[in-house]
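Peer 1: Those protein sequences? They're chains A and B, same order as listed. As numbered in our numbering, residues 83 to 431 make up the first sequence, in order. As numbered in our numbering, residues 79 to 440 make up the second sequence, in order. Glycine residues also receive a C-beta, built at the ideal position from the N, C-alpha and C atoms. This structure is in structure tokens; I'll ask about it shortly.
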Amino acid sequence: MRIAAALSQVRELARTAAGASERYGAGRLQAARRARRLRLRGGFVYRETLATGLLDPALDEAEALRHVSEHETTRLLDRLNPESLAALTAEKVIFYRWAAAHRLPVPELYGVVGRDGGWSVASGRPLVGEDDCAAFLAAGPDEAVVKPSDGHHGHGVRVLRREGAELVDLEGRRHSPAALARELLADPEHGMFVVQQRLRNNAALQRVFRSETLQTVRMTTFVTDEGEARLLHAYMRVALGGLNVDNIRGGATGNADAEVDVSTGALNGSFGTPVPGIEAIAGETLPDWEAACELVRRGARLMMPQRSFGWDVALTPHGPVLVEANRGYDPFPSRGFGELVRGMARATA
Amino acid sequence: MRIGAAWAQLRELAKVSAAASRAYGVPRRDAARLARRLRLEAGYEYREALKEGLLSPDRSEESPRAMVSRGVRRAAQQRLNPDALDPFTEQKLIFYDYCLAAGVPVPELYGAVGRSGGWSRVSGRVVGDRDAFAAFVEADLPDEFVVKPAWGLLGLEIRALAKDGGDLRDSDGAAIDPRQLYDRLVASPDFDLYVVQERLRNHPAVAALVDSPTLQTVRLNTLVRRDGGVSLMGCMMKLAVGTGDADNYRSGTTGNGLADVDAEAGTLGPLMIPRPDGAGYATTGVVPGSERRIEGWRIPLFEEARALVVAAAPRFLPMRTLGWDIAITPTGPAVVEANNYWGMSFTPLDPASRALLLDEAS
């Protein structure tokens, strides 16, 4: 078992080094050595070192080590956020009902569909079986988002619009309501899906990003011992990949992320996952920034005794809306983010 | 493995039939045959049939078949309630916080404390060590409050506490320093988080019936039907005539009893108290050791309690069936807990409710 794990690590290191060599034109051996040092000293896994740009020879290695690994971030968040409260945000059926009860702006919930249970908000009736679910999807609004109640990183999200009797997602897949109901009920990974309002980007964002995909800001909050909710960091997830979602997934989606100056809401020109041409948006200021900051600070206080969250906030024509709250968020690849994670660790040691 | 399990079942059957024989004076073989039939035909485990009193020769064999065995009931509940939503009701910090926000009356929530975190809902401050807990008790809590596991069950580790000088006093009169209490809570191997909440008191009419400071609750089970309407089934009142800080029945080990509730009239049937030999229950029309009549007694504010659960049940969809523990307090009914795997001993669902539960779960 140990030998198999070691071999798997060696293969991962080889792939990572090859990827770095291809991306940066540096030698494989040099990239492999650096990836190994980052793993040993900073807790970064090999693919993380490549995905977050830490193998770029232009980046000083000491500077790279000031970034924070997923491992170190997760270890802190497990301490700050009680595991027994994880379902409040990890299970979106609970999260959206909880948030709506607290009058936090979230996408309107139309219903729940799945083999484990279903319900139509409009009729107040449970949805039992394929026929009920198909009828619900057929009678729904012209646009909707369907996503796994227990999903993460945007996996399984479908942004749908009605075209005649069919439902078409942003990636061009077409479904009849009956076929979609069948597909959702047969999903091997997810027992429930929420069906909710499709949010739209604020016109100011639309002018800059020109994408149908909803763009969200990831806003990281922390509540101090005194109960003060602070916004520590923010970055804009720029959906350029033409997908249903704006998630980054280590650069696999073609989407990018751009750091935001939390005091002004302006994109500060620092990009976590660079994409060609992205530099043009530096200096743009996000709309309704103060309202978004106040929203996540309020959400953070309501989440107590969980102390740190990564909030996904949509900036819509009607103001900021909470799309998700993440208790185990990924780190942003920057020195500043590393410092703030270590700062939270020191404050709560 | 199969042979081992079969032997274990046989041994259990032998023990149960021996206990039934001793309790009721019936031949072991007759008791064993009846237990076997109930297992095959209605899904009752041997021990369950004994505890429920189903092996008594005084009960007709039709009676247990009109009831729902734990196994059959649980299978129906599993189909009606998504497992993934268990924390919505079972994690009490999530549950109370949601109810408070949604306008469902529950005990006021003062905060939470435990080895995985803590905070005062009153001040917003973190309660992360013994001194912070002592300050929380001193500054943020009223003279009486309750501490209970956020993910508890069966009433375990529920503490009703009162301030007494610098100490806290539990319902048995034992004193404890707040810092010591904090140490015990964070050292618990079973529970990582406790909620700190308002101590509810019984409505004067309830207090006059039972003459006990323990909070008495009514169990009202709801089912949201396919047509969106809400049905009540198997209503009971848990009467704490034993000791302890909770009225939980815990299979009869607490000395507490149960009484059927007529869901229309809100009146109680006789009190059912577990027999000391574990074979079913004894019934009495009065509170033990008194002449206060239980049978026929009407629960105060019952209409309001019923309206409360009928309004609250749809707020937890797509969970479709919940067992609500309702306290009748001087200021009105309040939800103490909601249970997704509800079930009460000696609870014969009427044929219509039984049919409804099984049909809706089919």
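Apart from the five residues on each side of it in sequence, which residues of its chain come closer than 7 Å, Cβ to Cβ, to B:Tyr419?
Peer 2: Same-chain partners within the cutoff: Arg152 and Gln155.
Peer 1: What residues from chain A crowd round B:Ala385, counting only those whose CB sits closer than 8 Å?
Peer 2: Result: empty, since nearest Cβ-Cβ is about 17 Å, beyond 8 Å.
Peer 1: Who are the near neighbours of B:Val388 in its chain, counting only those whose CB is closer than 8 Å to its CB and skipping five residues on each side?
Peer 2: Result list for B:Val388: Thr300, Val308 and Leu310, in chain order.
Peer 1: Residues in the region 264–297 of chain A with C-beta within 7 Å of chain B's C-beta atoms, listed in sequence order?
Peer 2: Against chain B - using a Cβ distance shorter than 7 Å - the residues of the region 264–297 of chain A are Gly273 and Met274.
Peer 1: Which residue's Cα is closest to the Cα of A:Asn408: A:Ala146, A:Gly233 and A:Ala431?
Peer 2: Selected option, being the one with the closest Cα: A:Gly233.
Peer 1: Among A:Val403, A:Arg240, A:Cys215 and A:Arg312, whose alpha-carbon lies nearest the alpha-carbon of A:Asn284?
Peer 2: Selected option, being the one with the closest Cα: A:Val403.
Peer 1: State the Cα-Cα distance for the pair B:Leu434 and A:Glu406, rounded to the nearest angstrom.
Peer 2: Looking at the two C-alpha atoms, the distance is approximately 37 Å.
Peer 1: Note down, in chain order, each residue of its chain lying with its Cβ closer than 6 Å to the Cβ of B:Pro185, except the 5 sequence neighbours on either side.
Peer 2: Taken in chain order, the residues that qualify are Gln275, Glu276 and Leu278.
Peer 1: Comparing alpha-carbon positions, which option in B:Gly358, B:Leu317 and B:Gly103 lies nearest B:Asp338?
Peer 2: That would be B:Leu317, whose Cα lies nearest to the Cα of B:Asp338.
Peer 1: Note down, in chain order, all residues in the region 257–284 of chain B with a beta-carbon under 7 Å from any beta-carbon belonging to chain A.
Peer 2: Within the region 257–284 of chain B, the qualifying residues are Asp270 and Leu271.
Peer 1: Measuring alpha carbon to alpha carbon, tell me which residue in B:Gly206, B:Arg148 and B:Asp355 is nearest B:Lys93.
Peer 2: Of the listed residues, the one whose Cα sits closest to B:Lys93 is B:Asp355.
Peer 1: Verify the CB distance criterion: does B:Ser194 have a CB-CB separation below 7 Å to chain A?
Peer 2: Yes, because at least one Cβ of chain A sits closer than 7 Å to the Cβ of B:Ser194.
Peer 1: Could you list the residues in the region 197–210 of chain A with a C-beta less than 7 Å from some C-beta on chain B, going in chain order?
Peer 2: Hits within the stretch, in order: Asp198, Gly199, Gly200, Trp201, Ser205, Gly206, Arg207, Pro208 and Val210.
Peer 1: Spatial neighbours of B:Thr167 within its chain, please: CB distance less than 6 Å, with the 5 preceding and 5 following residues excluded, ordered by chain position.
Peer 2: These residues qualify, in order along the chain: Phe173, Ala416 and Asn418.
Peer 1: Run down chain B in chain order and give the residues with a C-beta less than 8 Å from the C-beta of A:Trp180.
Peer 2: What A:Trp180 touches in chain B: Ile172, Asp175, Tyr176 and Ala179.
Peer 1: If we define contact as Cβ-Cβ less than 7 Å, is A:Glu225 a contact residue for chain B?
Peer 2: Output row for A:Glu225: interface = no.
Peer 1: Please name the residue, chosen from A:Ser293, A:Ser202, A:Glu361 and A:Val194, that lies closest to A:His272 on a Cα-to-Cα basis.
Peer 2: Looking at the Cα atoms, A:Val194 is the closest of the given residues.
Peer 1: I'd like the list of long-range same chain contacts for A:Leu262, defined as Cβ closer than 7 Å, with 5 residues on each side in sequence excluded.
Peer 2: Cβ neighbours of A:Leu262 beyond the five flanking positions: Leu219 and Leu249.
Peer 1: Does DSSP put B:Asp108 in a helix, a strand or coil?
Peer 2: If DSSP states are grouped into helix, strand and coil, B:Asp108 belongs with the helices.
Peer 1: Classify A:Gly420 as buried or exposed, calling it buried when 16 or more other Cβ atoms lie within 10 Å of its own Cβ.
Peer 2: A:Gly420 should be labelled buried.
Peer 1: Assuming A:Glu173 and B:Ala162 are in contact, meaning their beta carbons sit under 8 Å apart, how far apart are those beta carbons, in whole angstroms?
Peer 2: 6 Å between Cβ atoms; contact.
Peer 1: I need the boundaries of the alpha helix (DSSP H) containing B:Tyr174, first residue and last residue.
Peer 2: It spans Lys170 to Ala180 - the alpha helix (DSSP H) in which B:Tyr174 sits, taken as one unbroken run.
Peer 1: Does any residue of chain B bring its CB to less than 7 Å from the CB of A:Ile176?
Peer 2: For A:Ile176, the answer is yes, since a Cβ of chain B falls inside 7 Å of its Cβ.
Peer 1: Is there at least one Cβ from chain B nearer than 7 Å to A:Glu152's Cβ?
Peer 2: For A:Glu152, the answer is no, since every Cβ of chain B falls outside 7 Å of its Cβ.
Peer 1: Going along chain B, which residues have a C-beta under 7 Å from A:Glu308?
Peer 2: Neighbours of A:Glu308 on chain B, chain order: Arg203.
Peer 1: With DSSP collapsed to three states, give me the class of B:Gly322.
Peer 2: Low per-residue confidence applies at B:Gly322: pLDDT is 49, beneath 50, and the placement is therefore not dependable, though the value from the model is reported in the following sentence. In the structure shown, B:Gly322 sits in coil (DSSP, three-state: anything other than H, G, I, E or B).
Peer 1: Taking just the CA atoms, how far does B:Leu178 sit from B:Ala217?
Peer 2: So the two alpha carbons sit approximately 22 Å from each other.
Peer 1: Quick check on DSSP: helix, strand or coil for A:Glu376?
Peer 2: DSSP places A:Glu376 in helix when its eight states are reduced to three.
Peer 1: Return the Cβ separation of B:Val413 and B:Pro165 in integer angstroms, given the expectation that the two are a contact with Cβ distance under 8 Å.
Peer 2: Not quite, the Cβ-Cβ distance comes to about 17 Å (not below 8 Å), so this is no contact.
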